[in-house]
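Okay, structure first, notes after.
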Amino acid sequence: MIEALLPGERAIWLVKAVHIAAIAIWSGGLVSLPVLMLRRRGLTGEAVHDLHRIVRYLHVEIVSPAAFVAVIAGMALIFMREIFFVWFIAKLYFIAVLVACHLGLGQMISRTFLLDRPMGRVTVSFAIVAALIGITGVLFFVLAKPILSLTAIAGEAAEPGWLEDSVVGPLISLLISLTK
Ligand code: HEM
76 MIEALLPGER AIWLVKAVHI AAIAIWSGGL VSLPVLMLRR RGLTGEAVHD LHRIVRYLHV
136 EIVSPAAFVA VIAGMALIFM REIFFVWFIA KLYFIAVLVA CHLGLGQMIS RTFLLDRPMG
196 RVTVSFAIVA ALIGITGVLF FVLAKPILSL TAIAGEAAEP GWLEDSVVGP LISLLISLTK
């Protein structure tokens, strides 16, 4: 079947395959690493260092590079597939949730192992639920591709001139007033 594809389409399939494989690793890490962190409780001595090594290896060498590859491949797909739709903006909101989870995970690792303050079940459950919400939201928008109005997603920000009226204009006025 793949021989029947045009060269351009082949490239799209390849980049999409890389994107989805990287997403799978990234999402898996965001859900499973917080669970590993729970195992810190009750450990002492060398066992703590072993767990730290495993968690750090997974976060630094596997999950973070996968996140990077996923984002780069996703950005390439925007232009290869010419995805300029409102559902994609909605998808970006949920990607922001996943990025926040990723940053939070780094914080959790530092707190658990460098500050020696192990995570509780509530924090870990919160991290997992937030990651699952992000993953489900992204998958919903990218697979269902619902037809949405820009106003529904961005509200008044979709109106021409909104940025200038609400942010840029007042900011410039403030800067000018500071120079007086
Ligand atoms: C900055 C991050 C991301 C960008 C820029 C991005 C961008 C894209 C683009 C442009 C496509 C092609 C859509 C199409 O062919 O109709 C795509 C496909 C896809 N993305 Fe992402 N994406 C990102 C993150 C994610 C995440 C976090 C997930 C899942 C949790 C995800 C899951 C998928 C899936 C399953 C597809 C295949 C959809 C299909 O072929 O119908 N993406 N992505």
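Be aware that the sequence shown starts at 76, since it is given in this note's numbering, and climbs by one per residue. Positions of the beta carbon are idealized from the N, C-alpha and C atoms, including for glycine. Remember, it's a predicted structure, so these values are computed and weren't measured experimentally.
| Nearest chain C C-beta to SER185 closer than 8 angstroms, yes or no? | No chain C appears in this structure, which consists of one protein chain only.
**Message:** For GLY149, which residues in the same chain have their Cβ closer than 6 angstroms to its Cβ, ignoring the five residues on either side in sequence?
**Reply:** Taken in chain order, the residues that qualify are HIS94.
Self-check item: Assigned secondary structure, GLU234 (DSSP; H/G/I helix, E/B strand, else coil)
Solution: Assigned with DSSP and collapsed to three states, GLU234 falls in coil, not helix or strand.
- [ ] Identify which residue in GLY212, ARG85, GLU239 has its Cα closest to the Cα of TYR168.
- [x] TYR168 has its Cα closest to that of GLY212, out of GLY212, ARG85, GLU239.
query: Is DSSP giving SER121 helix, strand or coil here?
result: Reading off the sequence, residue 121 comes out as Glu, not Ser. Three-state result, GLU121: helix.
Item to complete: Assess, as a yes-or-no matter, whether the segment 191–208 is touched by the segment 230–240 under the definition of 3 or more beta carbon pairs within less than 8 angstroms.
Response: Short answer: they don't touch.
Worksheet item: Can you tell me the Cα-Cα spacing of PHE160 and ALA227, whole angstroms?
Response: Distance between the alpha carbons of PHE160 and ALA227: 13 angstroms.
Are there 16 or more other CB atoms within 10 angstroms of the CB of TRP88, so buried, or fewer, so exposed? Of the residues assessed, TRP88 falls on the exposed side of the cut-off, its CB having fewer than 16 other CB atoms within 10 angstroms.
- Message: Whole angstroms are fine: how far does the CA of GLY104 sit from the CA of ARG131?
- Response: Each residue's alpha carbon lies about 12 angstroms from the other.
| Between the C-alpha atoms of VAL138 and GLU157, what's the straight-line distance to the nearest angstrom? | Taking the straight line joining both Cα atoms gives about 28 angstroms.
Check: According to the neighbour-count rule (16 or more other Cβ atoms, all chains shown, within 10 Å of its Cβ), is SER241 buried or exposed?
Finding: Counting every other CB atom within 10 Å of its CB across the protein chains shown gives SER241 a total below 16, marking it as exposed.
Excluding the 5 residues preceding and the 5 following ARG115 in the sequence, name in chain order all residues of the same chain whose CB lies nearer than 8 angstroms to its CB. VAL123, LEU126, THR187, PHE188, PRO193, MET194.
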